[in-house]
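Right, one structure below, let's go through it.
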Amino acid sequence: MALTQLDPMLPVMVNGKGSGYAMGIIDYSQEHSLLFVCIMDETGEIWTVPNAEVRAKVNYSMGRHKQDACDQSTPYSGACSRGTRGCYKKHEVSH
């Protein structure tokens, strides 16, 4: 197991919990999902959240622009570039 402290912390959205900051990552091995240790903005709660439930916030300088919700009927094919909960479709991003 490896525990990595993030410095600086990363602003994230946690599905079902809202916005917060990821302050650490727990990696149990290649057979497990990464776990993000997140502190939530609204409540101050600290959660350990599986990788699939964490999304990076909008960051225009990094090319992550806010997008509309997407069609969630596509089977798993990688992370949703729109950050939509439950969506696993790869999207074309137009600028």
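All residue numbers for the sequence shown refer to our numbering, where the first residue is 17 and numbers rise by one.
Quick reminder that beta carbons are idealized off the backbone N, C-alpha and C, glycines included.
Because the structure is a prediction, the values reported are computed rather than measured.
Enclosing beta strand (DSSP E) for residue i [first to last residue]
| i | result |
| --- | --- |
| Ala68 | Careful: Ala68 lies outside any beta strand (DSSP E) and carries neither H nor E. |
Selection from the options that minimises the alpha carbon distance to residue i
| i | options | result |
| --- | --- | --- |
| Ile42 | Tyr76, Ser77, Val65, His81 | Val65 |
| Ala72 | Glu58, Gly34, Ser45 | Gly34 |
| Thr59 | Gly36, Val70, Ala68 | Gly36 |
| Leu26 | His81, Gly79, Ile55 | Ile55 |
| Glu47 | Gly32, Gln21, Met17, Asp57 | Met17 |
| Arg80 | Pro24, Trp63, Val28, Glu61 | Val28 |
| Gly32 | Met78, Trp63, Leu22 | Trp63 |
Distance between beta carbons of residue j and residue i, contact taken as under 8 Å
| i | j | result |
| --- | --- | --- |
| Arg53 | Met39 | For the sequence presented, residue 53 should be read as Val rather than Arg. With a Cβ gap of about 6 Å, Val53 and Met39 count as contacting. |
| Leu50 | Asn67 | 4 Å |
Secondary structure of residue i, DSSP reduced to three states
| i | result |
| --- | --- |
| Tyr76 | helix |
| Gln46 | coil |
| Gly36 | strand |
| Met56 | strand |
| Met17 | coil |
Exposed unless 16 or more other CB atoms sit within 10 angstroms - verdict on residue i
| i | result |
| --- | --- |
| Glu69 | buried |
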